[in-house]
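A.B. asks: Dropping the structure in here first, questions after.
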Amino acid sequence: MKTSKPITRKILLVAGIIAALAVLLEVAVRVVIELPVRTDFYSSVTRDMIVDYQKHIGVRANSGRDWVHLGWIAHPEMEQYTIYRIQNNSSAAAGESRYGSFLVEGLAPGGSYTFRVLSSTGSLDRTVTVRTAARAEPPIMKPVIAGRWRPLFRPEKTGSYINDHTVYRAADGRWHILGITSFGEGDYAKEFYFAQGVSDCFPPPPGETMDELEPVADNGRLAWAPHVIRHGGYFMWYSPHRCYVAESPDGRRWTERADLSFLPANPQFRDPMVFQAAEGQWLMYCTARDGYYSSVDVYQSFDLRRWQYIRPALAMGFGAEKAGAQASTESPFVLDYRGRYYLSFTYNNGSFFWHPLLLTMKIWPGRESYNETLVFHSANPYSFGRYRGKKRPSSLVSRLRAHAPEYVYNNGRWYITTAGWPWAATLTRGECAWTELEWEELPALSGKD
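If you read the sequence shown in this note's numbering, its first letter stands for residue -8, the second for the next number, and so on.
Right under this line is the structure:
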């Protein structure tokens, strides 16, 4: 009995040393990962542009059945914004915002609402009136993979695989895919351009895949996760660590727009995806890390060329299964289905310091987790709540077995894709694949956390 206390002390001492070492390694890995990262809220809309942009944009309102969003150009170094709700010739403060965004939820459908946005310097003072939609609450739907995976495209001349990618229809009616690639089994440090495939229809006829074309965005630097939309011409955004931009008149010939490239507001920015939320307003969703936990961040633009961070679309907190130093919310994608919005992302990059180290050695613990994609729902495209793990309430509606999926709607049907590094993926061996996607109605779920 006399030796029990010294032994206990030794065990506690060893446990304390191990815990301290783990914390030290966690901090060290995150510091090393952050060293090359630069952030700047004012990178896209610079300080000298703000006054003119505020006058030009004013306050733009968007609304749905029971919500209103107010958007404007912000100057957080100099201003705070107070939002007032005006009723019966009197006003009351509804809240404050540091950034150019304010979301009001829980309003009555079919109502008229007036808000005033006032900056602390007085440079912005606008009043807007907006109506909510008089319609029934849309159902909550669950996306379900409804078929077997079939090959869509695998490069041969310009690379050995496809990872994060974008699928779009060019001006001539043909379908294109642009995706991350390099030669070999997959190495994120060697991915410098996008492989390109094309077909006359989507999906291609049975037994056929897309034909390979010349690569895109070959500019001698890392090129990850492209996203293309059409608005007049074509716009492409890609990463990592800053947002790069290219434009095309036809979706075929691309011109780099270095003047529109910008640094993000938060670290670990990558995988930008752009969604039109309203007439003259677009939202960019991206992988990010805000503090210890990962997030899906949102940037706002009124012209597709200048962007400002406004908020997390989905935040994470204690209880979330993954909080990777490199961020765990990869390949975000937002779509509107039957009046409700759905946010999808691939839930990769495990917590703690060893995952980045294992990644450099091409070791993926639990390879099936490489295909874990989560889907959340919301009544609006600005906020999908907070995720604190599957055992706590959230807006999570589905878990899909896919990696970095794109969602394609064509000829009245929905499709989903999957891709990935050959050394890590279990659904594919270098090719991007596609299958059908169906939607199942769910009973009403608990609200956002």
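Just so you know, even glycine gets a beta-carbon here, dropped at the ideal spot from N, CA and C.
#1: How would you write the range of the alpha helix (DSSP H) that residue 133 sits in, first residue to last?
#2: Answer with buried or exposed for residue 8, where buried requires no fewer than 16 other C-beta atoms within 10 angstroms of its C-beta.
#3: For residue -8, collect the residues of the same chain with a Cβ closer than 7 Å to its Cβ; drop the 5 residues on either side in sequence, then sort them by chain order.
#4: Determine the DSSP secondary structure at residue 141, reduced to helix, strand or coil.
#5: What did DSSP end up calling residue 74 once you bin it into helix, strand or coil?
#6: Cα-Cα, which of 333, 361 and 305 is closest to residue 346?
#7: Taking the beta carbon of residue 335 as the centre, do at least 16 other beta carbons fall within 10 Å, making it buried, or is it exposed?
#8: Using CA coordinates, which residue listed in 80, 91 and 127 is at the minimum distance from residue 104?
#9: If you check the beta carbons only, do residue 332 and residue 372 fall under 7 Å apart?
#10: When you compare only the Cα positions, how much space is there between residue 388 and residue 367?
#11: Would you grab the beta carbon distance between residue 230 and residue 280 for me? Rounded to a whole angstrom, and I think it's under 8 Å.
#12: Going along the chain, which residues of its own chain have a beta-carbon closer than 8 Å to the beta-carbon of residue 42, five neighbours each way excluded?
#13: Given a threshold of 16 other Cβ atoms within 10 Å of its Cβ, counted over all protein chains shown, does residue 156 qualify as buried or as exposed?
#14: Using the beta-carbon count (16 or more within 10 Å), is residue 135 buried or exposed?
#15: For a minimum of 3 consecutive residues, which ranges assigned as the beta strand (DSSP E) are wholly contained in the segment 383 to 413?
#16: Counting Cβ pairs closer than 8 Å, one from the segment 122 to 141 and one from the segment 206 to 217, do we hit at least three?
#17: Identify whether residue 373 lies in helix, strand or coil by the three-state DSSP scheme.
#18: In chain order, what residues of the same chain have a beta carbon less than 7 Å from the beta carbon of residue 191, not counting five sequence neighbours either side?
#19: Is it true that the CB of residue 36 sits closer than 7 Å to the CB of residue 232?
#20: Kindly identify the DSSP beta-bridge partner or partners of residue 330.
#21: Between residue 268 and the rest of its own chain, which residues show a CB-CB distance below 7 Å, the 5 nearest in sequence each way excluded?
#22: Return helix, strand or coil for residue 40, following the three-state DSSP convention.
#23: Ordered along the chain, which non-local residues of its own chain (more than five positions away) have a Cβ less than 7 Å from that of residue 160?
#24: Are the beta-carbon atoms of residue 435 and residue 379 separated by less than 7 Å?
#25: Alpha carbon to alpha carbon, how far is residue 82 from residue 90?
#26: Excluding sequence positions up to five away, which residues of its chain have a Cβ less than 6 Å from the Cβ of residue 221?
#27: If we ignore side chains and look at the alpha-carbon of each, how far apart do residue 295 and residue 15 end up?
#28: Using only CA atoms, which one of 227, 315 and 206 lies nearest to residue 235?
#29: Could you check the C-alpha separation between residue 284 and residue 169 for me, to the nearest Å?
#30: If you draw a straight line from the alpha carbon of residue 441 to that of residue 318, how long is it in whole angstroms?
#31: The alpha helix (DSSP H) with residue 349 in it runs from where to where?
#32: Would you say residue 413 and residue 182 are within 7 Å of each other, going by their C-beta atoms?
#33: So, is residue 197 buried or exposed, given that buried needs 16 or more other C-beta atoms within 10 angstroms?
#34: Between residue 187 and the ligand NAD, is there a pair consisting of the residue's CB and a ligand heavy atom that are separated by less than 6 Å?
#35: With distances taken from CA atoms, which of 187, 194, 299 and 316 is nearest residue 244?
C.D. replies: Let's see:
#1: As a first step, residue 133 is located in the sequence shown; it is residue number 142 there, counting from the start. Premise fails: residue 133 lies in the beta strand (DSSP E), 131 to 136, not in any alpha helix (DSSP H).
#2: Walking along the sequence shown from the start, residue 8 turns up at place 17. Label assigned to residue 8: exposed.
#3: Looking up residue -8 in the sequence shown gives position 1. Annotation note: pLDDT 47 at residue -8 (below 50); position unreliable, coordinate value reported separately. Same-chain partners within the cutoff: there are none.
#4: Numbered from 1 along the sequence shown, position 150 holds the residue referred to as residue 141. DSSP places residue 141 in strand when its eight states are reduced to three.
#5: In the sequence shown, counting from the first residue as 1, residue 74 sits at position 83. DSSP places residue 74 in strand when its eight states are reduced to three.
#6: Against the sequence shown, residue 346 aligns to sequence position 355. The residue with the shortest Cα to Cα distance from residue 346 is 361.
#7: The sequence position of residue 335 within the sequence shown is 344, counting from 1. The residue in question, residue 335, is buried, as its Cβ has 16 or more Cβ neighbours within 10 Å.
#8: Taking the sequence shown and counting its residues from 1, the one referred to as residue 104 is at position 113. Of the candidates 80, 91 and 127, the one whose C-alpha sits nearest the C-alpha of residue 104 is 80.
#9: Mapped onto the sequence shown, residue 332 falls at position 341. Mapped onto the sequence shown, residue 372 falls at position 381. Against a cut-off of 7 Å, the Cβ pair of residue 372 and residue 332 comes out as a contact.
#10: For the purposes of this step, residue 388 is taken as the residue at position 397 of the sequence shown. For the purposes of this step, residue 367 is taken as the residue at position 376 of the sequence shown. Roughly 5 Å separates the two Cα atoms.
#11: Translated into the one-based positions of the sequence shown, residue 230 becomes position 239. Translated into the one-based positions of the sequence shown, residue 280 becomes position 289. With 8 Å as the limit, residue 230 and residue 280 do not qualify as a contact, their Cβ atoms being about 14 Å apart.
#12: The count along the sequence shown starts at 1 and reaches residue 42 at position 51. The answer, listed in chain order, is 114.
#13: Reading the sequence shown from its first residue, position 165 is the one you call residue 156. Residue environment: residue 156 is assigned as buried (16 or more neighbouring CB atoms within 10 Å of its CB, all protein chains considered).
#14: Stepping through the sequence shown from its first residue, residue 135 is reached at position 144. Under this definition residue 135 is an exposed residue.
#15: As far as the segment 383 to 413 is concerned, its whole beta strand (DSSP E) runs of at least 3 residues are 387 to 392, 398 to 401 and 404 to 409.
#16: With a cut-off of 8 Å, the segment 206 to 217 and the segment 122 to 141 do not count as touching, because too few Cβ pairs lie within range.
#17: On the sequence shown, position 382 is the one that residue 373 refers to. Residue 373: coil per DSSP, three-state reduction.
#18: In the sequence shown, counting from the first residue as 1, residue 191 sits at position 200. Counting only Cβ-Cβ distances below 7 Å, and skipping sequence neighbours, we find 165.
#19: Translated into the one-based positions of the sequence shown, residue 232 becomes position 241. Translated into the one-based positions of the sequence shown, residue 36 becomes position 45. Cβ atoms of residue 232 and residue 36: not closer than 7 Å.
#20: Indexing the sequence shown from 1 puts residue 330 at position 339. None, per the DSSP bridge assignment.
#21: One-based indexing of the sequence shown puts residue 268 at position 277. Only 53, 274 and 372 meet the Cβ criterion.
#22: The residue you call residue 40 lines up with position 49 of the sequence shown. In the structure shown, residue 40 sits in a helix (DSSP, three-state: H, G or I).
#23: By 1-based counting over the sequence shown, the position of residue 160 is 169. Excluding sequence neighbours, residue 160 sits near 166.
#24: Locating residue 435 in the sequence shown gives position 444, where the first residue counts as 1. Locating residue 379 in the sequence shown gives position 388, where the first residue counts as 1. Residue 435 is not a Cβ neighbour of residue 379, given a cutoff of 7 Å.
#25: Here the question's residue 82 lines up with position 91 in the sequence shown. Here the question's residue 90 lines up with position 99 in the sequence shown. Distance between the alpha carbons of residue 82 and residue 90: 22 Å.
#26: As a working mapping, residue 221 is identified with position 230 in the sequence shown. Correct list: empty, nothing qualifies.
#27: Locating residue 295 in the sequence shown gives position 304, where the first residue counts as 1. Locating residue 15 in the sequence shown gives position 24, where the first residue counts as 1. Going by the C-alpha atoms only, they are around 42 Å apart.
#28: For the purposes of this step, residue 235 is identified with residue 244 of the sequence shown, where counting begins at 1. Checked all of 227, 315 and 206; the closest Cα to residue 235 is 227.
#29: As a position in the sequence shown, residue 284 is number 293, starting the count at 1. As a position in the sequence shown, residue 169 is number 178, starting the count at 1. If you take the alpha carbons of residue 284 and residue 169, they lie about 30 Å apart.
#30: The structure shown has nothing for residue 441, since the chain only spans -8 to 440.
#31: Along the sequence shown, one-based indexing puts residue 349 at 358. That run of the alpha helix (DSSP H) goes 345 to 351.
#32: Here the question's residue 413 lines up with position 422 in the sequence shown. Here the question's residue 182 lines up with position 191 in the sequence shown. No.
#33: Within the sequence shown, residue 197 is the residue found at index 206, counting from 1. Exposed, since its Cβ has fewer than 16 Cβ neighbours within 10 Å.
#34: The model depicted lacks the ligand NAD and carries no ligand whatsoever.
#35: Within the sequence shown, residue 244 is the residue found at index 253, counting from 1. Closest by alpha carbon: 187.
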